[in-house]
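Now the structure itself:
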C-alpha cells in the first residue's frame, strides 16, 4: 500500500494501535513520554499531514502559524482544552477527540474517589502502613460519612455525569444536577435526576461530583463562595479538569473543616499540586487517571487513530472522522 501521508504521534501508544496506523501512513511515533515546547511542536508538525496529540501538548495558533501541510490533529482525550479549536478552524485544520469510549470507566473512578474520600480509605491505609494499628483504636476512630441514601449532586450532566447518576440508584441516592440547559425528560427519568439551580445544588448535595468541561466560563466554577454554600459534611469529587476548582480555596475549606473531604483526580497547573492539598488527610489525590483502565485506554487510542485515518481518507470512515470537533472545516486537499 502506498503511504502518501506522514503522521506524528506525540506520546507512546499501544503497539497494536501503532501497527494499525503504520498500515496506512508513514509513521513517526515518540517512544518517551514528555511534554513538548511550542517550538518543538511547530517543528514536529511542519512536515506531517496529521498528528495524534497527548493532552499535555498545547496546539494553538502560534504552533500552526504558517503550516500549509497539516490536515488533522487528533486529541488523545475527550477534553480538548489543549486545542485552540478556533485557531485550528481558521487554519483549515481538522480537530478530533475521543468521547464516549471512556464514559463508564470514568464514572466508575468517580465513585471510587467518592467512596475513598467519604470513608477515609487513603488516610487510614497510610496510618496502618505506618505501623500505628496496635489494638488501640477507639470506637469513634476513623469515622467517615455515609454515601448510601444521601443526596448526590452533579455539576455538568453530560454523558459521564449521566453514567455517574445511573450508579446512584444502587446506593439509594436521590440525584440533583445542574447544567446550563436542562436535559430532556426521558434522560432525566433514566437517570432519576432532578434539575436545580446551581446555588440550590450546592446547598442540598451531600456529595458533589464535578463533570464540567474546562473553558473560560467554568474557570473556578467552584471557589470560596461556592464552597461556603456546601454542607460541612459534604464530599467534593473533581474528575473534570484542573481550574474548575480553586484549589487554594478548597484546601482552606478542607483544612478548616468546612467540607468533610475531597477526591481529586485533576488539579490546577498539573502535574503540580497545591502543596496545602498534599498535606491534608481528608483529600484523596490521584494523578489524572480516571480513564486509566486497559480496555478504555486502548479504545481511546484506537478512536484517536480512526479519527486521524478517516480525516486523511483512509479506512472505513474515510472522509468522515467519527468525532470531529470542527465540522465546518472542509479539510485540506
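Numbering (my numbering), first residue to last: 5 to 337. Where a beta carbon is used, it is the ideal one built from N, C-alpha and C, also for glycine.
Query raised in the report: Beta-carbon separation of residue 214 and residue 256 under 8 Å?
Result: Numbered from its first residue, the chain shown carries residue 214 at position 210. Numbered from its first residue, the chain shown carries residue 256 at position 252. Not closer than 8 Å, so no.
Query raised in the report: If we ignore side chains and look at the alpha-carbon of each, how far apart do residue 155 and residue 245 end up?
Result: Locating residue 155 in the chain shown gives position 151, where the first residue counts as 1. Locating residue 245 in the chain shown gives position 241, where the first residue counts as 1. Spanning the two alpha carbons is a distance of roughly 23 Å.
**Report entry** Nearest candidate by alpha-carbon position, reference residue 12, set 29, 20 and 143
**Finding:** Looking up residue 12 in the chain shown gives position 8. Residue 29 is the option with its Cα nearest to residue 12.
Query - Pick from 15, 8, 38 and 42 that is closest to residue 27, judged by C-alpha positions - result: Locating residue 27 in the chain shown gives position 23, where the first residue counts as 1. Of the candidates 15, 8, 38 and 42, the one whose C-alpha sits nearest the C-alpha of residue 27 is 8.
**Report entry** Three-way DSSP call (helix, strand, coil) for residue 113 in this model
**Finding:** Within the chain shown, the letter at position 109 stands for residue 113. Of the three classes helix, strand and coil, the one that applies to residue 113 here is helix, per DSSP.
Requested in this report: Give me the Cβ distance between residue 212 and residue 234, rounded to the nearest whole Å; I'm assuming they're in contact under 8 Å.
Outcome: Mapped onto the chain shown, residue 212 falls at position 208. Mapped onto the chain shown, residue 234 falls at position 230. Sure, about 7 Å apart at Cβ, within 8 Å.
Report task. For residue 216, I'd like the list of residues in its chain whose CB is within less than 7 Å of its CB, leaving aside the five on either flank, ordered along the chain. Result -> Taking the chain shown and counting its residues from 1, one reaches residue 216 at position 212. Once the five neighbours on either side are set aside, the close Cβ partners of residue 216 are 159, 160, 222, 225, 244 and 248.
Query raised in the report: If we count the other Cβ atoms within 10 Å of its Cβ and call it buried at 16 or more, is residue 272 buried or exposed?
Result: Residue numbering aside, residue 272 sits at position 268 when the chain shown is read from its first letter. The residue is buried, with at least 16 neighbouring Cβ atoms inside 10 Å.
Query - Rounded C-alpha distance that separates residue 194 from residue 170 - result: Along the chain shown, read from residue 1 onward, the residue named residue 194 stands at position 190. Along the chain shown, read from residue 1 onward, the residue named residue 170 stands at position 166. Rounded to whole angstroms, residue 194 to residue 170 spans 7 Å at the Cα level.
Requested in this report: Could you tell me which uninterrupted beta strand (DSSP E) segments, each at least 3 residues in length, are contained entirely in the stretch 181 to 232, listed from first to last along the chain?
Outcome: 197 to 199 and 211 to 214
**Report entry** Residue range of the beta strand (DSSP E) that includes residue 300
**Finding:** Taking the chain shown and counting its residues from 1, the one referred to as residue 300 is at position 296. Looking at the DSSP string, residue 300 is not in any beta strand (DSSP E); the run it does join, the alpha helix (DSSP H), is 298 to 315.
**Report entry** Inter-residue spacing [alpha-carbon to alpha-carbon] between residue 104 and residue 82
**Finding:** The residue given as residue 104 occupies position 100 in the chain shown. The residue given as residue 82 occupies position 78 in the chain shown. One C-alpha to the other measures close to 8 Å.
Query raised in the report: To the nearest angstrom, how far is it from the Cα of residue 300 to the Cα of residue 140?
Result: Start at 1 with the first residue of the chain shown, and residue 300 comes out as number 296. Start at 1 with the first residue of the chain shown, and residue 140 comes out as number 136. Cα-Cα distance, rounded: 43 Å.
Requested in this report: Tell me whether residue 5 sits in a helix, a strand or coil according to DSSP, three-state version.
Outcome: Position 1 of the chain shown, counting from 1, holds the residue named residue 5. Because the pLDDT of residue 5 is 49, which lies under 50, any placement of that residue in the model is unreliable, and the question is left without a value.
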